[in-house]
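Below is one structure; the comments refer to it alone.
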Amino acid sequence: MSGNEMKYIQEAFDQNWVVPLGPNVNKFEEELKRFAVSPTPQDTFTEDYPRSIMPHEDDPEKLWAESLDDERLNGKQVVALSSGTSAVHLALIALGVKAGDEVICQSFTFCASSNPVVYLGAKPVFVDSEKETWNMDPTLLEEAIKDRIAKTGRKPKAIIVVYLYGMPARIAEIKAVADKYAIPLIEDAAEGLGSRYRGRVCGTFGDYGVLSFNGNKMITTSGGGALICPDEEARNKVMFFATQAREGYPYYQHEKIGYNYRLSNICAGIGRGQLTVLDEHIAHHRRLAKFYAEAFKDVDGITFHAGNDSELNASTEIPAEGKTLSNYWLNTITIDPQVKVKGQENAYRTTVKGAVGGAAGVIHYVDSAHTDCEPNANVEAMRLWLDSLNVESRPLWKPMHKQPVYKDSPAYVNGTSESIFKVGLCLPSGPLVSCDDAQFIVNAIKDAIL
Ligand SMILES: *Cc1c(COP(=O)(O)O)cnc(C)c1O
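For the sequence shown, our numbering begins at 0 and goes up steadily by one.
In C-alpha cells, the structure reads:
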C-alpha cells in the first residue's frame, strides 16, 4: 500500500460514488492510458527502471502530464474492468468470436487466458513456446495457422499471446505473423504490467491488451483488470458489453447479451494509489531478479530464467528502438533433472490439502499426487524443503495442452513448455521480499542440494 489508496477511497465515499462508475474509474483509465504510452527507457532511464508512472495532477513533481503523447497513443483507449479474465472475455467478444470459431492461444499460461474462449463456445487451439522467453513460438504459430486453414477451411478468429511471468514475448515476430494472415492479436499482459519490448509497454502492440490488478499481480485493486482497446469505437463496444448491453431507451431494452464487468469506483481508487508505486514495484522485482541471477550463476544445475531482458541476458542484442525489460513479476529458476535434492524420494507421498500458493477458493481433493505430467521429483522436493522453512515457492503453470479439461483441443507442440514445466520453480518475488530474504532463499536452495 502506498498511502495514497485511502485518499482516493475516501474521495469516493465523500463524493458518494460507491458504484461501478465514477471519477476514480475515469481517472484510473486516463492514468493507465498515460502509462501505456509512457516514455521509452532511454528517454528517462533511472537506476533500475524508467520513471513511467505519473501519479496524479496534484503532484507537480512527477512528469505525468507531459507524456500523454497522442502520436504514441495512436488512438488507443483503456476500459477498467472487474478482472483480467473479463478483459480477455470482452476482447474476444469485441472481435466477434462466436460459438464454433477457433482461437489460437499460447499453451504455456494460466487458464484465464483460454477459458473465456470456451465461455463463448469457441474452440481454443494451443501453440507451444520457444525456449528463450517461454512465450509463443512465432514459427510454430505460423505452422498452426496454415494447418488450421488447411483442416477447417477457415482462419482462426484471434491469437492470444501471453507475457508469462512478465517476460516480454517475441511480439514483433508474432505480430508479423498475425498481420500476414490478417488475424487480430490479443496480448494477455496480466502478468506483464510494465514490461517493455524494445522500449514499448507490453499490451500496446496488438489489437487488444489485457491487464490484471488481482491481489497477486504487479499492482492490485483487490480484484480488477483493464482492456487496452485499439480505438474509440472498440472502447464503446467493450463498455457496452461490460455494462449489461443496455439500449438507449428510458426503460431496460436488451438486444444483446451483456455482462456486469465494470470496475467499481472504490477499487479504481485503490488502483490510482497503486499506480503511484508501480515504478517502485517493478524496480524492486528487477532488483530481486538481478540478485537471484547473480546468486545462481555459480550453483551447478540451477538456472535463473533471464529470458530476453536486455540487462539480465547479456547475449540479447539491444535494438536501436529501446531495451526489452521484464517486470520479473515472478522470478523463476529451472533445476536440472540430475540435481539430487534432500527428501526427493518422498516428494510425492502426500497430496495437497490447501491450494498451493495460498490461492483462495475451494480446491478438489485428490487421492493421488501424481498425474501424467508433473514437475520432477527434485523440483517437488525443493518446493517442500522451502515450504518447511516457511518459504513459499510453486511449480510453473502446467501447459493448457496437458490439462485434462483441454484434452480434446488441437495443440501444436514442440515439447518446450512441457519440459520447462517439469524443471521449473517460481520463487518469492513481491515487494515484501527483501534482498536479505532472497539471500536466505538462495542459501536454503543450496542447502537442499545433495
Ligand atoms: C491472472 C491472469 C489472468 C486473469 O486475471 P484476473 O484479474 O485474475 O482475472 C489472465 N491471464 C494470465 C496469464 C494471468 O496470470
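Don't be surprised by glycine CBs; every beta carbon is placed ideally from N, CA and C.
Residue i - containing alpha helix (DSSP H), residue span
i    : result
T84  : 83 to 93
V422 : 415 to 422
S387 : 376 to 387
T275 : 264 to 295
Alpha carbon of residue i to alpha carbon of residue j, nearest angstrom
i    : j    : result
T219 : R147 : 38 angstroms
H283 : G429 : 8 angstroms
G268 : L192 : 18 angstroms
T302 : V276 : 30 angstroms
V36  : L72  : 6 angstroms
E453 : V77  : Given that the chain is displayed from residue 0 to residue 449, the structure contains no residue 453 and the question cannot be resolved.
L184 : A225 : 16 angstroms
F109 : N15  : 37 angstroms
S408 : K122 : 7 angstroms
A294 : A188 : 28 angstroms
V404 : D136 : 23 angstroms
V87  : G202 : 12 angstroms
K150 : D386 : 47 angstroms
G247 : I159 : 33 angstroms
G306 : A175 : 21 angstroms
A455 : F239 : The structure shown has nothing for residue 455, since the chain only spans 0 to 449.
E30  : G272 : 11 angstroms
N215 : G321 : 29 angstroms
Y164 : L274 : 19 angstroms
G208 : E186 : 5 angstroms
L449 : L388 : 17 angstroms
E254 : V96  : 17 angstroms
Y180 : A93  : 19 angstroms
G83  : G223 : 6 angstroms
A245 : S112 : First, the residue type needs correcting, since residue 245 is Arg and not Ala in the sequence shown. Cα-Cα distance, rounded: 27 angstroms.
Contacting residues, own chain, Cβ-Cβ under 6 angstroms from residue i (five flanking each side not counted)
i    : result
Y260 : L80, S81, S85, A241
C434 : F290
A64  : Reliability fails at A64, whose pLDDT of 38 lies under 50, so the model's placement of it is uncertain and the value that follows must be treated cautiously. Around A64: no qualifying Cβ.
E172 : P137
T315 : N307, S309
A177 : I158, L184
Same chain, Cβ closer than 8 angstroms to residue i, five either side skipped, listed in chain order
i    : result
M381 : I334, V340, S392, L424, I444, A447
K75  : K32, A35, V36, T203, I227, C228, P229, D230
F420 : F107, C372, P374, P394, L395, W396, K397, P398, K401
V117 : P123
E344 : A376
S243 : Per the sequence shown, residue 243 should be read as Gln rather than Ser. H253, G257, Y258, N259, listed in sequence order.
Contacts around residue i, its chain only, beta-carbon distance under 7 angstroms, and the 5 residues preceding and following it disregarded
i    : result
P497 : In this structure the chain extends from 0 to 449, so residue 497 is not present and cannot be described.
P155 : E101, V102, I103, V124, I144, R147, I182
R234 : Q76, V78, C228
A11  : V17, G21, N23, N264, I265, G268
F27  : A79, A267, G270, R271
V390 : P427, I440, A443
G342 : A380, L383, W384
A437 : L287, F290, Y291
A313 : none
For residue i, the nearest candidate out of the options (CA to CA)
i    : options                : result
L395 : G272, V361, E231, P374 : P374
L119 : A111, F107, L91, N312  : L91
S367 : N330, N307, A346       : A346
F107 : G342, K397, Q337       : K397
G414 : A98, W133, Y250        : W133
E417 : Y258, Y162, S128, N264 : S128
A98  : E141, K216, P115, A111 : P115
D371 : S314, H400, L329       : H400
N442 : A410, D297, L311       : D297
V212 : N389, L262, E379       : The residue asked about is misnamed: residue 212 is Phe in this sequence, not Val. Closest option to F212, Cα to Cα, is L262.
P167 : L311, T315, E141, T323 : T323
L287 : I440, L139, S112, V117 : I440
S309 : L89, A111, E131, G2    : E131
D299 : I332, K6, S325         : I332
R199 : G152, Y180, N326, S221 : N326
V126 : V422, V412, L431       : V412
W328 : E279, P336, V237       : E279
Closer than 9 angstroms to chain B by CB, residue i
i    : result
H284 : The displayed structure is made up of one protein chain only, and chain B is not part of it.
Terminal residues of the beta strand (DSSP E) in which residue i lies
i    : result
T302 : 301 to 303
E402 : Here residue 402 turns out to be Gln, not Glu, going by the sequence shown. Taken as a continuous stretch (DSSP letters only), Q402 belongs to no beta strand (DSSP E), as it is neither H nor E.
L80  : 76 to 80
A157 : 157 to 161
E186 : 184 to 187
N442 : Here N442 belongs to no beta strand (DSSP E); instead the alpha helix (DSSP H) covers 434 to 447.
According to DSSP, residues forming a beta bridge with residue i
i    : result
R195 : V200, L324
E101 : K122
S128 : M135
V209 : D187, L226
N330 : L426
Y411 : V126
Near ligand 2: residue i beta-carbon under 8 angstroms from a heavy atom
i    : result
D187 : No copy of ligand 2 occurs in the structure displayed; its ligands are ligand 1 alone.
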